[in-house]
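Under our numbering, the sequence shown is numbered contiguously, ending at residue 515.
Report on one structure; see the data block that follows.
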Amino acid sequence: MGFDPSRPDIHLGHVVGLRKLRQLQDLGHQVILIVGDWTAQIGDPSGRSATRSMLSHAEVLDNAESYMRQFFKVVDRDRTQVEWQSQWFGDFTLANVIELTSRFTVAQFLERDDFARRFADHQPIAITELLYPLLQAYDSVAIEADVEFGGTDQMFNLLVGRELQEMMGQTPQQCFLMPILVGTDGVQKMSKSLGNYIALEESPQEMYGKVMSLPDSLILQYYEYLTDVPNADLAAMGQAMESDSANPMDFKKGLARSITATFHDTAAASGAETQFEQVVQRRDVPDDIPECRLADVAELSINQLLVRTELVASASEARRLVGQGAVEIIHSSGDRATVAAGAPLPALAAGDVIRAGRRRFVRLVQ
150 MGFDPSRPDI
160 HLGHVVGLRK
170 LRQLQDLGHQ
180 VILIVGDWTA
190 QIGDPSGRSA
200 TRSMLSHAEV
210 LDNAESYMRQ
220 FFKVVDRDRT
230 QVEWQSQWFG
240 DFTLANVIEL
250 TSRFTVAQFL
260 ERDDFARRFA
270 DHQPIAITEL
280 LYPLLQAYDS
290 VAIEADVEFG
300 GTDQMFNLLV
310 GRELQEMMGQ
320 TPQQCFLMPI
330 LVGTDGVQKM
340 SKSLGNYIAL
350 EESPQEMYGK
360 VMSLPDSLIL
370 QYYEYLTDVP
380 NADLAAMGQA
390 MESDSANPMD
400 FKKGLARSIT
410 ATFHDTAAAS
420 GAETQFEQVV
430 QRRDVPDDIP
440 ECRLADVAEL
450 SINQLLVRTE
460 LVASASEARR
470 LVGQGAVEII
480 HSSGDRATVA
490 AGAPLPALAA
500 GDVIRAGRRR
510 FVRLVQ
(Lines of atoms letter the chains of each structure in order from A and count residues from 1; the text may use other names and numbers.)
(Lines give C-alpha, C1' and ligand atoms only; values in the text may rest on other atoms or scores of the structure.)
Protein backbone atom coordinates (compact mmCIF):
# COMPACT_ATOMS: atom_id res chain seq x y z
CA MET A 1 0.00 0.00 0.00
CA GLY A 2 1.42 3.36 -0.96
CA PHE A 3 0.24 6.88 -0.35
CA ASP A 4 1.30 10.25 -1.65
CA PRO A 5 1.16 12.90 1.08
CA SER A 6 0.12 15.58 -1.40
CA ARG A 7 -2.55 16.62 1.14
CA PRO A 8 -2.49 16.38 4.94
CA ASP A 9 -5.95 14.86 5.41
CA ILE A 10 -7.43 11.39 5.14
CA HIS A 11 -11.15 11.16 4.48
CA LEU A 12 -13.65 8.31 4.51
CA GLY A 13 -12.92 7.59 0.85
CA HIS A 14 -9.43 6.44 1.88
CA VAL A 15 -10.84 4.38 4.75
CA VAL A 16 -12.47 1.91 2.34
CA GLY A 17 -9.04 0.53 1.39
CA LEU A 18 -7.54 0.95 4.86
CA ARG A 19 -10.26 -1.24 6.38
CA LYS A 20 -9.35 -4.00 3.94
CA LEU A 21 -5.70 -3.69 4.90
CA ARG A 22 -6.65 -4.05 8.57
CA GLN A 23 -8.66 -7.17 7.76
CA LEU A 24 -5.64 -8.68 6.00
CA GLN A 25 -3.46 -7.83 9.02
CA ASP A 26 -5.95 -9.61 11.26
CA LEU A 27 -5.56 -12.66 9.00
CA GLY A 28 -1.79 -12.60 9.56
CA HIS A 29 -0.53 -10.69 6.52
CA GLN A 30 2.23 -8.07 6.60
CA VAL A 31 1.35 -4.59 5.39
CA ILE A 32 4.08 -2.42 3.87
CA LEU A 33 3.23 1.25 3.76
CA ILE A 34 5.20 3.20 1.15
CA VAL A 35 5.34 6.92 1.82
CA GLY A 36 5.56 8.53 -1.60
CA ASP A 37 7.79 11.41 -0.56
CA TRP A 38 9.06 11.66 -4.15
CA THR A 39 5.94 11.09 -6.23
CA ALA A 40 3.90 13.40 -3.97
CA GLN A 41 5.95 16.30 -5.29
CA ILE A 42 4.58 15.48 -8.76
CA GLY A 43 1.05 14.56 -7.68
CA ASP A 44 -0.88 11.58 -9.01
CA PRO A 45 -2.60 12.60 -12.28
CA SER A 46 -5.20 9.80 -12.01
CA GLY A 47 -8.63 11.21 -12.78
CA ARG A 48 -7.28 14.72 -13.23
CA SER A 49 -8.34 17.05 -16.03
CA ALA A 50 -5.46 19.50 -15.48
CA THR A 51 -1.81 19.46 -14.49
CA ARG A 52 -1.16 19.35 -10.75
CA SER A 53 1.14 21.90 -9.14
CA MET A 54 4.31 20.51 -7.56
CA LEU A 55 4.94 20.56 -3.81
CA SER A 56 8.19 21.23 -1.98
CA HIS A 57 9.81 18.35 -0.10
CA ALA A 58 9.19 20.17 3.20
CA GLU A 59 5.46 20.39 2.43
CA VAL A 60 5.41 16.69 1.63
CA LEU A 61 7.08 15.77 4.94
CA ASP A 62 4.61 17.87 6.93
CA ASN A 63 1.71 16.24 5.13
CA ALA A 64 3.17 12.76 5.68
CA GLU A 65 3.31 13.24 9.44
CA SER A 66 -0.36 14.22 9.54
CA TYR A 67 -1.34 11.49 7.10
CA MET A 68 0.33 8.68 9.07
CA ARG A 69 -1.25 9.83 12.33
CA GLN A 70 -4.64 9.33 10.71
CA PHE A 71 -3.63 6.18 8.78
CA PHE A 72 -2.94 4.36 12.03
CA LYS A 73 -6.42 5.09 13.34
CA VAL A 74 -7.48 2.23 11.06
CA VAL A 75 -4.38 0.15 10.33
CA ASP A 76 -2.40 -1.53 13.15
CA ARG A 77 0.88 0.36 13.53
CA ASP A 78 2.65 -2.62 15.15
CA ARG A 79 1.96 -4.81 12.13
CA THR A 80 2.93 -2.23 9.51
CA GLN A 81 6.35 -1.79 7.91
CA VAL A 82 6.90 1.82 6.80
CA GLU A 83 9.18 2.53 3.84
CA TRP A 84 10.00 5.89 2.24
CA GLN A 85 10.46 6.18 -1.52
CA SER A 86 13.57 8.26 -1.00
CA GLN A 87 15.30 5.07 0.24
CA TRP A 88 15.52 3.91 -3.38
CA PHE A 89 14.91 7.04 -5.43
CA GLY A 90 17.43 9.07 -3.42
CA ASP A 91 20.24 7.30 -5.28
CA PHE A 92 18.56 7.31 -8.70
CA THR A 93 20.69 8.78 -11.47
CA LEU A 94 19.73 10.11 -14.89
CA ALA A 95 20.88 6.77 -16.31
CA ASN A 96 18.40 4.95 -14.05
CA VAL A 97 15.58 7.23 -15.17
CA ILE A 98 16.38 6.73 -18.87
CA GLU A 99 16.62 2.96 -18.41
CA LEU A 100 13.23 2.93 -16.66
CA THR A 101 11.48 5.08 -19.26
CA SER A 102 12.86 2.96 -22.11
CA ARG A 103 10.64 0.07 -21.05
CA PHE A 104 7.37 1.81 -21.96
CA THR A 105 6.09 4.00 -24.79
CA VAL A 106 4.20 7.29 -24.81
CA ALA A 107 1.47 5.55 -26.81
CA GLN A 108 0.94 3.06 -23.97
CA PHE A 109 0.53 5.86 -21.45
CA LEU A 110 -1.83 7.84 -23.67
CA GLU A 111 -4.20 4.87 -23.50
CA ARG A 112 -4.95 5.92 -19.92
CA ASP A 113 -8.42 7.47 -19.81
CA ASP A 114 -7.41 10.72 -18.12
CA PHE A 115 -4.36 11.25 -20.35
CA ALA A 116 -6.39 10.34 -23.45
CA ARG A 117 -9.09 12.89 -22.59
CA ARG A 118 -6.60 15.65 -21.91
CA PHE A 119 -4.66 14.87 -25.09
CA ALA A 120 -7.86 14.89 -27.16
CA ASP A 121 -8.90 18.21 -25.57
CA HIS A 122 -5.44 19.71 -26.26
CA GLN A 123 -4.85 20.13 -22.52
CA PRO A 124 -1.23 20.07 -21.28
CA ILE A 125 0.29 16.88 -19.90
CA ALA A 126 3.57 17.44 -18.08
CA ILE A 127 6.46 15.03 -18.62
CA THR A 128 6.57 14.62 -14.82
CA GLU A 129 3.00 13.27 -14.92
CA LEU A 130 4.01 10.64 -17.46
CA LEU A 131 6.80 9.65 -15.06
CA TYR A 132 4.40 9.19 -12.14
CA PRO A 133 3.08 5.71 -13.10
CA LEU A 134 6.66 4.56 -13.73
CA LEU A 135 7.86 5.72 -10.34
CA GLN A 136 4.89 4.13 -8.60
CA ALA A 137 5.53 0.93 -10.55
CA TYR A 138 9.15 0.88 -9.41
CA ASP A 139 7.93 0.95 -5.80
CA SER A 140 6.54 -2.54 -6.38
CA VAL A 141 9.92 -3.66 -7.72
CA ALA A 142 11.81 -2.08 -4.80
CA ILE A 143 9.85 -3.98 -2.14
CA GLU A 144 9.06 -7.04 -4.32
CA ALA A 145 5.35 -6.59 -3.64
CA ASP A 146 3.03 -9.60 -3.70
CA VAL A 147 -0.13 -7.47 -3.67
CA GLU A 148 -0.75 -3.78 -4.34
CA PHE A 149 -3.86 -1.92 -3.19
CA GLY A 150 -5.51 0.99 -4.95
CA GLY A 151 -8.83 2.46 -5.99
CA THR A 152 -10.40 1.49 -9.30
CA ASP A 153 -9.05 4.77 -10.71
CA GLN A 154 -5.53 3.44 -9.99
CA MET A 155 -5.84 0.34 -12.17
CA PHE A 156 -3.48 1.62 -14.89
CA ASN A 157 -0.71 2.45 -12.39
CA LEU A 158 -1.04 -0.90 -10.61
CA LEU A 159 -0.87 -2.81 -13.88
CA VAL A 160 2.26 -0.90 -14.91
CA GLY A 161 3.83 -2.08 -11.66
CA ARG A 162 2.84 -5.66 -12.39
CA GLU A 163 4.31 -5.43 -15.90
CA LEU A 164 7.56 -3.83 -14.68
CA GLN A 165 8.05 -6.55 -12.06
CA GLU A 166 7.76 -9.20 -14.75
CA MET A 167 10.27 -7.33 -16.96
CA MET A 168 12.72 -7.35 -14.05
CA GLY A 169 12.38 -11.06 -13.32
CA GLN A 170 10.01 -10.82 -10.35
CA THR A 171 6.72 -12.59 -9.83
CA PRO A 172 4.07 -10.04 -10.90
CA GLN A 173 1.97 -8.68 -8.07
CA GLN A 174 -1.74 -9.22 -7.64
CA CYS A 175 -3.79 -6.02 -7.84
CA PHE A 176 -6.55 -5.38 -5.33
CA LEU A 177 -8.85 -2.66 -6.67
CA MET A 178 -11.10 -1.04 -4.08
CA PRO A 179 -14.41 0.66 -4.93
CA ILE A 180 -14.61 4.44 -5.01
CA LEU A 181 -16.73 6.03 -2.29
CA VAL A 182 -19.18 8.65 -3.56
CA GLY A 183 -18.97 11.95 -1.67
CA THR A 184 -21.61 13.78 0.33
CA ASP A 185 -22.98 15.40 -2.86
CA GLY A 186 -24.15 11.96 -3.97
CA VAL A 187 -22.58 12.40 -7.41
CA GLN A 188 -18.78 12.55 -7.57
CA LYS A 189 -16.14 10.56 -5.76
CA MET A 190 -15.23 11.83 -2.31
CA SER A 191 -12.52 14.47 -2.66
CA LYS A 192 -11.26 17.35 -0.57
CA SER A 193 -10.90 19.50 -3.69
CA LEU A 194 -14.60 18.99 -4.44
CA GLY A 195 -15.63 19.83 -0.88
CA ASN A 196 -17.74 16.65 -0.61
CA TYR A 197 -15.55 14.83 1.91
CA ILE A 198 -15.74 13.72 5.54
CA ALA A 199 -12.29 13.93 7.15
CA LEU A 200 -11.13 11.56 9.87
CA GLU A 201 -10.16 14.49 12.08
CA GLU A 202 -13.51 16.29 11.83
CA SER A 203 -15.13 17.09 15.16
CA PRO A 204 -17.77 14.52 16.25
CA GLN A 205 -20.50 17.07 15.49
CA GLU A 206 -19.21 17.78 11.97
CA MET A 207 -18.65 14.09 11.20
CA TYR A 208 -22.11 13.07 12.43
CA GLY A 209 -23.78 15.98 10.66
CA LYS A 210 -22.03 15.32 7.34
CA VAL A 211 -23.07 11.67 7.39
CA MET A 212 -26.64 12.78 8.07
CA SER A 213 -26.45 15.05 5.01
CA LEU A 214 -25.90 12.07 2.68
CA PRO A 215 -28.60 11.29 0.13
CA ASP A 216 -30.66 8.25 1.14
CA SER A 217 -29.34 6.48 -1.97
CA LEU A 218 -25.88 6.23 -0.36
CA ILE A 219 -26.92 4.71 2.98
CA LEU A 220 -26.34 1.09 1.98
CA GLN A 221 -23.08 1.85 0.16
CA TYR A 222 -21.63 3.58 3.23
CA TYR A 223 -22.75 0.74 5.50
CA GLU A 224 -21.14 -1.80 3.16
CA TYR A 225 -17.83 0.03 2.68
CA LEU A 226 -17.34 1.53 6.14
CA THR A 227 -18.93 -0.80 8.71
CA ASP A 228 -19.02 -4.49 9.60
CA VAL A 229 -22.81 -4.85 9.31
CA PRO A 230 -23.51 -8.33 7.85
CA ASN A 231 -24.75 -8.60 4.27
CA ALA A 232 -28.03 -10.15 5.40
CA ASP A 233 -28.76 -7.09 7.54
CA LEU A 234 -27.88 -4.79 4.65
CA ALA A 235 -30.29 -6.67 2.39
CA ALA A 236 -33.01 -6.33 5.04
CA MET A 237 -32.36 -2.57 5.28
CA GLY A 238 -32.60 -2.23 1.53
CA GLN A 239 -35.89 -4.11 1.38
CA ALA A 240 -37.32 -2.06 4.27
CA MET A 241 -36.46 1.24 2.58
CA GLU A 242 -37.71 0.07 -0.81
CA SER A 243 -41.06 -1.02 0.65
CA ASP A 244 -41.36 2.14 2.79
CA SER A 245 -41.73 -0.01 5.90
CA ALA A 246 -38.86 1.81 7.61
CA ASN A 247 -37.68 5.40 7.77
CA PRO A 248 -34.27 5.87 6.06
CA MET A 249 -33.52 8.53 8.72
CA ASP A 250 -33.29 5.79 11.37
CA PHE A 251 -30.75 3.80 9.33
CA LYS A 252 -28.79 6.96 8.58
CA LYS A 253 -28.61 7.84 12.28
CA GLY A 254 -27.26 4.37 13.00
CA LEU A 255 -24.63 4.88 10.29
CA ALA A 256 -23.64 8.31 11.64
CA ARG A 257 -23.33 6.90 15.18
CA SER A 258 -21.19 4.01 13.98
CA ILE A 259 -18.77 6.10 11.92
CA THR A 260 -18.46 8.84 14.57
CA ALA A 261 -17.86 6.29 17.33
CA THR A 262 -15.18 4.58 15.23
CA PHE A 263 -13.06 7.72 14.93
CA HIS A 264 -13.97 9.28 18.28
CA ASP A 265 -15.87 7.22 20.86
CA THR A 266 -19.40 6.15 21.78
CA ALA A 267 -19.96 9.07 24.13
CA ALA A 268 -18.88 11.58 21.47
CA ALA A 269 -21.19 9.95 18.93
CA SER A 270 -24.10 10.10 21.36
CA GLY A 271 -23.40 13.77 22.09
CA ALA A 272 -23.18 14.55 18.38
CA GLU A 273 -26.53 12.86 17.78
CA THR A 274 -28.15 14.85 20.59
CA GLN A 275 -26.81 18.10 19.13
CA PHE A 276 -27.96 17.13 15.62
CA GLU A 277 -31.49 16.51 16.87
CA GLN A 278 -31.45 19.79 18.77
CA VAL A 279 -29.90 21.99 16.10
CA VAL A 280 -30.95 20.48 12.77
CA GLN A 281 -34.20 18.70 13.50
CA ARG A 282 -35.66 21.05 16.10
CA ARG A 283 -33.64 24.09 14.90
CA ASP A 284 -32.65 25.00 18.46
CA VAL A 285 -29.40 26.77 19.33
CA PRO A 286 -26.86 24.49 21.06
CA ASP A 287 -26.13 25.22 24.70
CA ASP A 288 -22.36 25.23 24.41
CA ILE A 289 -21.22 27.49 21.54
CA PRO A 290 -18.31 29.93 21.12
CA GLU A 291 -18.78 33.56 22.13
CA CYS A 292 -17.53 36.81 20.62
CA ARG A 293 -17.59 40.36 21.97
CA LEU A 294 -20.14 42.49 20.14
CA ALA A 295 -17.75 45.46 20.12
CA ASP A 296 -15.20 43.40 18.13
CA VAL A 297 -17.57 42.84 15.19
CA ALA A 298 -20.08 45.70 15.33
CA GLU A 299 -18.50 47.63 12.43
CA LEU A 300 -17.77 44.63 10.20
CA SER A 301 -19.56 43.42 7.08
CA ILE A 302 -21.21 40.00 7.29
CA ASN A 303 -18.35 38.38 5.35
CA GLN A 304 -15.76 39.94 7.65
CA LEU A 305 -17.79 38.96 10.72
CA LEU A 306 -17.97 35.33 9.62
CA VAL A 307 -14.22 35.18 9.09
CA ARG A 308 -13.40 37.07 12.33
CA THR A 309 -15.57 34.72 14.42
CA GLU A 310 -14.07 31.68 12.62
CA LEU A 311 -17.46 30.49 11.44
CA VAL A 312 -15.83 30.16 8.02
CA ALA A 313 -12.28 29.60 6.87
CA SER A 314 -12.22 32.27 4.17
CA ALA A 315 -14.06 35.22 2.66
CA SER A 316 -14.95 33.10 -0.37
CA GLU A 317 -16.66 30.54 1.87
CA ALA A 318 -18.51 33.40 3.59
CA ARG A 319 -19.76 34.72 0.24
CA ARG A 320 -20.86 31.25 -0.79
CA LEU A 321 -22.87 30.65 2.40
CA VAL A 322 -24.50 34.09 2.27
CA GLY A 323 -25.38 33.52 -1.39
CA GLN A 324 -26.99 30.20 -0.48
CA GLY A 325 -29.10 31.83 2.23
CA ALA A 326 -27.28 29.73 4.84
CA VAL A 327 -26.37 32.57 7.25
CA GLU A 328 -28.92 33.53 9.87
CA ILE A 329 -29.18 35.98 12.77
CA ILE A 330 -31.08 34.46 15.70
CA HIS A 331 -32.07 37.32 18.00
CA SER A 332 -32.36 36.85 21.75
CA SER A 333 -36.12 37.41 21.32
CA GLY A 334 -36.29 34.25 19.22
CA ASP A 335 -36.84 36.09 15.93
CA ARG A 336 -34.72 34.89 13.02
CA ALA A 337 -33.42 36.82 10.01
CA THR A 338 -31.65 35.30 7.01
CA VAL A 339 -28.78 37.46 5.76
CA ALA A 340 -29.23 38.22 2.07
CA ALA A 341 -26.32 38.87 -0.30
CA GLY A 342 -25.82 42.60 -0.79
CA ALA A 343 -28.37 43.57 1.85
CA PRO A 344 -27.43 45.55 4.98
CA LEU A 345 -26.64 43.48 8.04
CA PRO A 346 -29.50 43.56 10.57
CA ALA A 347 -28.77 45.44 13.81
CA LEU A 348 -26.93 43.19 16.25
CA ALA A 349 -27.23 43.08 20.03
CA ALA A 350 -25.67 41.15 22.88
CA GLY A 351 -27.32 37.77 23.14
CA ASP A 352 -27.84 37.40 19.39
CA VAL A 353 -26.53 34.23 17.75
CA ILE A 354 -25.00 33.99 14.27
CA ARG A 355 -25.54 30.68 12.46
CA ALA A 356 -23.45 29.75 9.39
CA GLY A 357 -24.53 26.59 7.63
CA ARG A 358 -26.42 24.07 9.71
CA ARG A 359 -24.05 23.42 12.57
CA ARG A 360 -21.80 26.44 13.19
CA PHE A 361 -22.82 29.08 15.71
CA VAL A 362 -21.37 31.98 17.70
CA ARG A 363 -23.07 34.04 20.40
CA LEU A 364 -22.45 37.80 20.70
CA VAL A 365 -21.78 39.07 24.24
CA GLN A 366 -20.97 42.43 25.80
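No residue lacks a Cβ here, since even glycine has one placed at the ideal position from N, Cα and C.
- prompt: Cα separation between L176 and G162?
  reply: Position 27 of the sequence shown, counting from 1, holds the residue named residue 176. Position 13 of the sequence shown, counting from 1, holds the residue named residue 162. Answer to the nearest angstrom: the Cα atoms are 23 Å apart.
query: Quick check: the stretch 317-326 against the stretch 337-350, are there 3 or more CB pairs under 8 Å?
result: no
query: Thinking just about the alpha-carbon of each residue, which of R252, M356, P495, I181 is nearest to the one in M316?
result: On the sequence shown, residue 316 is found 167 positions in, with the first residue counted as 1. When only C-alpha atoms are compared, the closest one is R252.
- request: Assign I479 to one of three DSSP states: helix, strand, or coil.
  value: As a working note, residue 479 is residue 330 in the sequence shown. Here I479 sits in strand by DSSP.
- prompt: Looking only at its own chain, which residues have a Cβ that is under 8 Å from the Cβ of V331, when we skip the five neighbours before and after it?
  reply: Indexing the sequence shown from 1 puts residue 331 at position 182. Once the five neighbours on either side are set aside, the close Cβ partners of V331 are Q337, K338, M339, L367, Q370.
- prompt: For L243, does the count of other Cβ atoms within 10 angstroms reach 16, so buried, or fall short, so exposed?
  reply: Reading the sequence shown from its first residue, position 94 is the one you call residue 243. Under this definition L243 is an exposed residue.
query: If you draw a straight line from the alpha carbon of A405 to that of V165, how long is it in whole angstroms?
result: To locate residue 405, count along the sequence shown from 1; it is residue 256. To locate residue 165, count along the sequence shown from 1; it is residue 16. Taking the straight line from one Cα to the other gives about 16 Å.
message: When you compare the stretch 480-500 with the stretch 441-453, are there three or more beta-carbon pairs, one atom per stretch, that lie closer than 8 Å?
response: yes
message: As an exercise, report each continuous beta strand (DSSP E) stretch of at least 3 residues that is fully enclosed by the stretch 165-192, in chain order.
response: 180-184
task: Can you say whether G310 is buried or exposed, counting buried as having 16 or more other CB atoms within 10 angstroms of its CB?
output: By one-based count along the sequence shown, residue 310 stands at place 161. The residue in question, G310, is buried, as its Cβ has 16 or more Cβ neighbours within 10 Å.
field: Local conformation of F253 per DSSP, three classes
entry: Indexing the sequence shown from 1 puts residue 253 at position 104. Looking at F253 - three-state DSSP - the assignment turns out to be coil, as it is neither helix nor strand.
task: Work out the CA separation of M304 and E297 for me, nearest whole Å.
output: Numbered from 1 along the sequence shown, position 148 holds the residue referred to as residue 297. Numbered from 1 along the sequence shown, position 155 holds the residue referred to as residue 304. Each residue's alpha carbon lies about 10 Å from the other.
- prompt: If you compare alpha carbons, which of D186, S362, Q172, L173 is closest to R156?
  reply: Within the sequence shown, residue 156 is the residue found at index 7, counting from 1. The shortest Cα separation from R156 among D186, S362, Q172, L173 belongs to D186.
- prompt: So, do the stretch 355-367 and the stretch 407-427 have three or more beta carbon pairs nearer to each other than 8 Å?
  reply: yes
- prompt: Out of curiosity, what's the CA-to-CA distance linking A286 and N306?
  reply: Along the sequence shown, read from residue 1 onward, the residue named residue 286 stands at position 137. Along the sequence shown, read from residue 1 onward, the residue named residue 306 stands at position 157. C-alpha separation (whole angstroms): 7 Å.
field: Stretch-stretch touch, CB-based, cutoff 8 Å, three pairs: the stretch 457-465 with the stretch 497-511
entry: yes
task: Could you work out which residue in V290, L513, R507, H160 is closest to I329 when comparing CA atoms only?
output: For the purposes of this step, residue 329 is taken as the residue at position 180 of the sequence shown. Nearest option by C-alpha distance: H160.
- prompt: What is the DSSP secondary structure of F221, reduced to helix, strand or coil?
  reply: Mapped onto the sequence shown, residue 221 falls at position 72. Residue state, collapsed to three classes: coil.
message: For W233, list the residues DSSP reports as bridge partners.
response: Counted from its first residue, the sequence shown places residue 233 at position 84. W233 pairs with V184.
message: Can you check which of these residues, R509, A447, V434, is closest to S482 by C-alpha distance?
response: Numbered from its first residue, the sequence shown carries residue 482 at position 333. It is V434.
field: Contact set for G299: own chain, Cβ-Cβ below 6 Å, skip 5 residues either direction
entry: Position 150 of the sequence shown holds residue 299. Closer than 6 Å at the Cβ level, and outside the excluded window around G299, lie L307.
- request: Provide the residue(s) that pair with L326 in DSSP beta bridges, ordered along the chain.
  value: Residue numbering aside, residue 326 sits at position 177 when the sequence shown is read from its first letter. Per DSSP, G299.
message: What would DSSP say about K338, mapped onto helix, strand or coil?
response: Looking up residue 338 in the sequence shown gives position 189. It is a strand residue.
query: With a Cβ-Cβ cutoff of 8 Å, do E391 and L383 count as a contact?
result: Counting from 1 along the sequence shown, the entry for residue 391 is found at position 242. Counting from 1 along the sequence shown, the entry for residue 383 is found at position 234. Contact: no.
- prompt: Does the Cβ of M327 have 16 or more other Cβ atoms within 10 Å, making it buried, or fewer, making it exposed?
  reply: Working through the sequence shown from its first residue, we reach residue 327 at position 178. M327 is buried by the Cβ-count criterion.
field: Contact check, R267 vs I274, beta carbons under 8 Å
entry: The residue labelled residue 267 in the question sits at position 118 within the sequence shown. The residue labelled residue 274 in the question sits at position 125 within the sequence shown. Cβ distance < 8 Å, so R267 and I274 count as in contact.
task: Could you pull out every unbroken beta strand (DSSP E) segment of at least 3 residues lying fully inside the stretch 418-474, listed in chain order?
output: 440-442
message: So for L367, helix, strand or coil by DSSP?
response: Reading the sequence shown from its first residue, position 218 is the one you call residue 367. Looking at L367 - three-state DSSP - the assignment turns out to be helix.
message: If you follow the alpha helix (DSSP H) that R311 is in, where does it begin and where does it stop?
response: Within the sequence shown, numbered from 1, the residue matching residue 311 stands at position 162. That run of the alpha helix (DSSP H) goes 304-316.
query: Could you give the C-beta distance for L349 and Q219, rounded to a whole number, given that I count them as a contact under 8 Å?
result: Start at 1 with the first residue of the sequence shown, and residue 349 comes out as number 200. Start at 1 with the first residue of the sequence shown, and residue 219 comes out as number 70. With a Cβ gap of about 5 Å, L349 and Q219 count as contacting.
- request: Please name the residue, chosen from D377, V471, H206, that lies closest to K528 on a Cα-to-Cα basis.
  value: There is simply no residue 528 to check, as the chain begins at 150 and stops at 515 in what is shown.
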